[in-house]
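A.B. asks: Below: one structure in structure tokens.
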Amino acid sequence: MSLTVENLYKSFGSVQALRGMDFTANAGEIFGFVGSNGAGKTTTMRIILGVLKADSGKVSLDGRELDFSLRTRFGYMPEERGLYPRMKVQPQLEYLAKLQGLSSAEARKAVLHWTERLGVAHRRNDRVQNLSLGNQQRVQLCAALVHNPDFLVLDEPFSGLDPLAVDTMGSILREKAREGTTVIFSSHQLDLVERLCDRIGICSLGKTVSEGDIDSLRETPFPIYDVTTSADAHSVREALLTLGLKDVKPHGGHTFRITLPQGFDDQTLLHAMLDLAPVHGFSRYRPHLNELFSNIVSVPGTDTKPEKKPARKGLLGFIGRK
Numbered sequence: 007m008s009l010t011v012e013n014l015y016k017s018f019g020s021v022q023a024l025r026g027m028d029f030t031a032n033a034g035e036i037f038g039f040v041g042s043n044g045a046g047k048t049t050t051m052r053i054i055l056g057v058l059k060a061d062s063g064k065v066s067l068d069g070r071e072l073d074f075s076l077r078t079r080f081g082y083m084p085e086e087r088g089l090y091p092r093m094k095v096q097p098q099l100e101y102l103a104k105l106q107g108l109s110s111a112e113a114r115k116a117v118l119h120w121t122e123r124l125g126v127a128h129r130r131n132d133r134v135q136n137l138s139l140g141n142q143q144r145v146q147l148c149a150a151l152v153h154n155p156d157f158l159v160l161d162e163p164f165s166g167l168d169p170l171a172v173d174t175m176g177s178i179l180r181e182k183a184r185e186g187t188t189v190i191f192s193s194h195q196l197d198l199v200e201r202l203c204d205r206i207g208i209c210s211l212g213k214t215v216s217e218g219d220i221d222s223l224r225e226t227p228f229p230i231y232d233v234t235t236s237a238d239a240h241s242v243r244e245a246l247l248t249l250g251l252k253d254v255k256p257h258g259g260h261t262f263r264i265t266l267p268q269g270f271d272d273q274t275l276l277h278a279m280l281d282l283a284p285v286h287g288f289s290r291y292r293p294h295l296n297e298l299f300s301n302i303v304s305v306p307g308t309d310t311k312p313e314k315k316p317a318r319k320g321l322l323g324f325i326g327r328k
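Heads up, the sequence shown is in the numbering used here, so the first residue is 7 and it goes up one at a time.
In structure tokens, the structure reads:
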């Protein structure tokens, strides 16, 4: 099932948090939801989960507007710690699983499975407050997964994790997507978003400004090539000017970034460069997500006023909420 967010608006007093947020996350894909601080990511996630009510717009699954019965199929991992700090890991996870409809036996089995998978099996009898931040994050993901949801909504899931834990969590999210789970996560770690996600949505000032698969978003309007050569800058510019190529920029060392008009044969460029001097590198340039983000979104030191947080916090803020 596809989850569709349509034209969401939400304000907190004088602060307009959402200004027409739109995106679609398809079944069996990992959808990265990125934006600078205050762009509307957390507010949107909380509307999806029913923790907040939108002023207007809707969230639907295959055209059916979300209601309580559909929201029980979601697993949620909030950015803030959403667990009871003084409660031990295993009984807490079993309690959360039973709130989602699992029997005691099913809950225990699921907790044993996910704590093992996420590397916190040896901490099942510890209080959450006695765990490191990274292990608390792992337990919080266990809480999101323990009832085998069809949809995962994860707010900054990789925050505070070491590289090994990042790899473990990434492989689990990929596995869940292959099983048909829709995974939506926000992150400021754009390299991870680019590596893990099938599609992304970039938001700014409360609305989506770009959405698509990574490859299509990385396409440039005109072909751009990075060419590394032994030739000097003056010779390169003079030679390429005779071909009508004016957009030639030094790009560190002996590399030049050259923009071609549509229909221009890249082999013509290569032969022109070889006529000047040996060519040590010749590759099509496609911007990475961090460059796309900087180009698409104007990011000042702070974007907008921080999103206002609802008073009700934690996992119980959405479990059983009608």
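Cβ atoms here follow ideal geometry from the backbone N, Cα and C, with glycine treated the same way.
Would you list, in sequence order, the uninterrupted beta strand (DSSP E) runs of no fewer than 3 residues that lie entirely inside the segment 163 to 236?
C.D. replies: Qualifying beta strand (DSSP E) stretches, in chain order: 188 to 192, 205 to 210, 213 to 219, 230 to 235.
A.B. asks: Consult DSSP for residue 272 and reduce its assignment to one of helix, strand or coil.
C.D. replies: Stepping through the sequence shown from its first residue, residue 272 is reached at position 266. Note: residue 272 maps to helix in three-state DSSP.
A.B. asks: Exposed or buried, which one is residue 250 when buried takes at least 16 other CB atoms within 10 Å?
C.D. replies: Mapped onto the sequence shown, residue 250 falls at position 244. Per the 10 Å Cβ criterion, exposed.
A.B. asks: Exposed or buried, what is residue 70 when buried is set at 16 or more other beta-carbons lying within 10 Å of its beta-carbon?
C.D. replies: Looking up residue 70 in the sequence shown gives position 64. Result: exposed.
A.B. asks: DSSP has residue 7 in a bridge; who is on the other side?
C.D. replies: In the sequence shown, residue 7 corresponds to position 1, counting from 1. Bridge partners of residue 7: none, in fact.
A.B. asks: Could you pull out every residue in the same chain whose Cβ sits closer than 6 angstroms to the Cβ of residue 255, ignoring the five residues on either side in sequence?
C.D. replies: Numbered from 1 along the sequence shown, position 249 holds the residue referred to as residue 255. Here the set comprises 263.
A.B. asks: Any idea if residue 200 is buried or exposed, counting beta-carbon neighbours within 10 angstroms, 16 or more meaning buried?
C.D. replies: Mapped onto the sequence shown, residue 200 falls at position 194. It counts as buried.
A.B. asks: Who are the Cβ neighbours of residue 166 in its own chain at under 6 angstroms, not counting the five residues just before and after it?
C.D. replies: Position 160 of the sequence shown holds residue 166. Taken in chain order, the residues that qualify are 139, 140, 143.
A.B. asks: Classify residue 101 as helix, strand or coil using the three-state DSSP reduction.
C.D. replies: If you number the sequence shown from 1, residue 101 lands on position 95. Residue 101: helix per DSSP, three-state reduction.
A.B. asks: Along the chain, where does the alpha helix (DSSP H) containing residue 145 start, and where does it finish?
C.D. replies: To locate residue 145, count along the sequence shown from 1; it is residue 139. It spans 139 to 151 - the alpha helix (DSSP H) in which residue 145 sits, taken as one unbroken run.
A.B. asks: Should the segment 78 to 97 be regarded as contacting the segment 144 to 156, the criterion being three or more beta carbon pairs within less than 8 angstroms?
C.D. replies: Contact between the segment 78 to 97 and the segment 144 to 156 is present, because at least three Cβ pairs lie under 8 angstroms.
A.B. asks: Given this structure, state the Cα-to-Cα distance separating residue 197 from residue 233, to the nearest angstrom.
C.D. replies: Translated into the one-based positions of the sequence shown, residue 197 becomes position 191. Translated into the one-based positions of the sequence shown, residue 233 becomes position 227. Straight-line Cα distance between these residues: approximately 24 angstroms.
A.B. asks: Which whole-angstrom value is the C-beta distance of residue 121 and residue 114, which I expect to be below 8 angstroms?
C.D. replies: Reading the sequence shown from its first residue, position 115 is the one you call residue 121. Reading the sequence shown from its first residue, position 108 is the one you call residue 114. In fact, because the Cβ distance is near 11 angstroms, the residues do not count as touching under 8 angstroms.
A.B. asks: List the whole-angstrom C-beta distance separating residue 203 from residue 220, where the pair is believed to meet the contact cut-off of C-beta under 8 angstroms.
C.D. replies: By one-based count along the sequence shown, residue 203 stands at place 197. By one-based count along the sequence shown, residue 220 stands at place 214. Contact holds; Cβ gap of about 7 angstroms.
A.B. asks: So which of 119, 11, 87, 90 has the shortest CA-CA distance to residue 54?
C.D. replies: Indexing the sequence shown from 1 puts residue 54 at position 48. Comparing Cα-Cα distances from residue 54 to each of 119, 11, 87, 90, the minimum goes to 11.
A.B. asks: Can you look up residue 23 in the DSSP assignment and give me helix, strand or coil?
C.D. replies: Looking up residue 23 in the sequence shown gives position 17. Strand at residue 23.
A.B. asks: Would you mind reading off the limits of the alpha helix (DSSP H) that contains residue 109?
C.D. replies: Here residue 109 refers to the residue found at position 103 when the sequence shown is read from its first residue. That residue, residue 109, is in no alpha helix (DSSP H); it is neither H nor E in DSSP.
A.B. asks: Going by Cα to Cα distance, which pick from 157, 260, 97, 284 is closest to residue 239?
C.D. replies: Along the sequence shown, one-based indexing puts residue 239 at 233. Selected option, being the one with the closest Cα: 260.
A.B. asks: Once you ignore the five residues that flank residue 258 on each side, which residues in its own chain have a CB closer than 6 angstroms to its CB?
C.D. replies: Indexing the sequence shown from 1 puts residue 258 at position 252. So the list is empty, once near-sequence residues are dropped.
A.B. asks: Specify, as a first and last residue, the run of the alpha helix (DSSP H) that residue 240 falls within.
C.D. replies: Here residue 240 refers to the residue found at position 234 of the sequence shown. Residues 239 to 247.
A.B. asks: Within this structure, are the beta carbons of residue 229 and residue 168 separated by less than 9 angstroms?
C.D. replies: Locating residue 229 in the sequence shown gives position 223, where the first residue counts as 1. Locating residue 168 in the sequence shown gives position 162, where the first residue counts as 1. Contact: no.
A.B. asks: Is residue 281 helix, strand or coil when you go by DSSP?
C.D. replies: Position 275 of the sequence shown, counted from the first residue, corresponds to residue 281. Here residue 281 sits in helix by DSSP.
A.B. asks: Straight-line CA distance for residue 307 to residue 300?
C.D. replies: For the purposes of this step, residue 307 is taken as the residue at position 301 of the sequence shown. For the purposes of this step, residue 300 is taken as the residue at position 294 of the sequence shown. Summary for residue 307: the model assigns pLDDT 41, below 50, so the residue's position carries little reliability; its value from the coordinates is reported in the next sentence. So the alpha carbons of these two residues sit roughly 13 angstroms apart.
A.B. asks: According to DSSP, which residues form a beta bridge with residue 299?
C.D. replies: Translated into positions along the sequence shown, residue 299 becomes position 293. None; residue 299 has no bridge partner.
A.B. asks: Grouping DSSP H, G and I as helix and E and B as strand, with all else coil, what is residue 70?
C.D. replies: Looking up residue 70 in the sequence shown gives position 64. Residue 70: strand per DSSP, three-state reduction.
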